[in-house]
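So the structure is just underneath, and the comments pick up after that.
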Amino acid sequence: MTVDKALSFEVLWFWTIAKGSTVVMTAINANNVKGLQKALAAAPRGERATWLLHIQVGDQFISPFVWALENGSETICHAMLRDLLMIRADRSLYYYGADELFAKHQDVVKRLTDRTSALLRTLLDGLVWRSQRTEANGTLRRVNYFVKYVLEDAKGKFSPSLKNISASGDPSIVSHPLVSVVVELLWAGVVRRQFIVSRIWNILNLIIFVMGQEITPSMIRNNGPSNELYSLLLLEPER
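Quick note, our numbering runs 167 ahead of the 1-based positions in the sequence shown.
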């Protein structure tokens with residue numbers, strides 16, 4: 168980091184503390200998880216995600232989550248992700264912060280991959296809901312996977328999230344249940360057919376190779392050259 172960048176960061180740091188000193192930002196700047204939980208306890212259910220993702224500092228808007236992530240506050244980010252991805256409800260609505268998280272930060276998977284795989288695991292765990300009730304004598308449990316955010320972006324195109332997860336190089340992340348479900352959906356819905364079609368020419372070449380190297384010479388050795396054999400192979404016999 169150059170001197171100018173370091174000075175700019177310090178100015179931004181003090182400016183944010185001075186003008187953006189909400190209870191959430193105060194807890195984040197103090198790296199105080201209990202303070203963050205206490206601050207969020209005062210937020211309405213429908214506004215908890217906004218308090219963590221979108222606040223006004225002077226005449227600009229910043230994301231407390233990205234602020235904590237850029238400052239390396241991994242413990243705070245872990246607590247924020249858990250709060251965002253916890254399903255809450257009242258008499259009329261369910262509240263789940265995943266929609267707002269991916270709407271505000273479409274590159275959240277890449278950001279977490281670049282930082283630490285532990286936070287990426289927290290994100291993936293938060294996209295899986297497991298029922299407390301079991302069935303079939305405790306051998307089965309209902310599970311919901313929120314795969315929309317990993318499959319497509321805000322424009323409806325294929326999301327780079329799976330590519331970023333693969334680039335993490337962490338086997339425990341790549342083998343996560345959510346990632347396995349996404350890969351199976353892609354294979355069954357899109358990839359399998361394209362893969363088979365793209366390999367038809369290779370399969371045809373293999374068949375021709377096997378016939379030319381094994382089947383045809385064996386038939387000639389056993390039966391001798393004949394017009395019927397050459398006609399079968401679409402070849403003209405030698406004269």
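Glycine included, C-beta positions come from ideal geometry on N, C-alpha and C.
Give me the Cα-Cα distance between G239 and N304, rounded to the nearest whole angstrom. 45 angstroms
Buried versus exposed, by CB contacts within 10 Å (16 or more), S347: exposed
Looking only at its chain, what residues have a beta carbon closer than 8 angstroms to the beta carbon of F325, apart from the 5 residues adjacent to it on each side? L318, E319
For F228, which residues does DSSP report across the bridge? Q223
Straight-line gap, V364 to L329 (C-alpha atoms, nearest Å): 23 angstroms
Short check: CB of V275 to CB of V295, under 8 angstroms? no
So, S335 versus T280, is the Cβ gap smaller than 8 angstroms? A contact, by the Cβ cut-off of 8 angstroms.
Along the chain, where does the beta strand (DSSP E) that runs through N311 open and close? 307-312
Once DSSP output is grouped into helix, strand and coil, what is the label at T289? DSSP places T289 in helix when its eight states are reduced to three.
According to DSSP, simplified to helix, strand and coil, what is S298? strand
Do A235 and C244 have their beta-carbon atoms positioned less than 8 angstroms apart in this structure? yes
Just confirm the distance between the C-beta atoms of G412 and L352, as a whole number of angstroms; I'd bet it's less than 8 angstroms. The requested residue 412 does not occur in the structure, where the chain is confined to residues 168 to 406.
Residue range of the unbroken alpha helix (DSSP H) whose run includes R249: Counted as a single uninterrupted DSSP element, the alpha helix (DSSP H) harbouring R249 occupies residues 241-251.
DSSP three-state call for R255: helix, strand or coil? strand
Measure the Cβ-Cβ separation of L287 and L268 and say whether it is below 8 angstroms. No. Outside cutoff.
Could you check if G264 is buried or exposed, using at least 16 other CB atoms within 10 Å of its CB as the buried criterion? buried
With burial defined as no fewer than 16 other Cβ atoms inside 10 Å of the residue's Cβ, what is the status of R215: buried or exposed? buried
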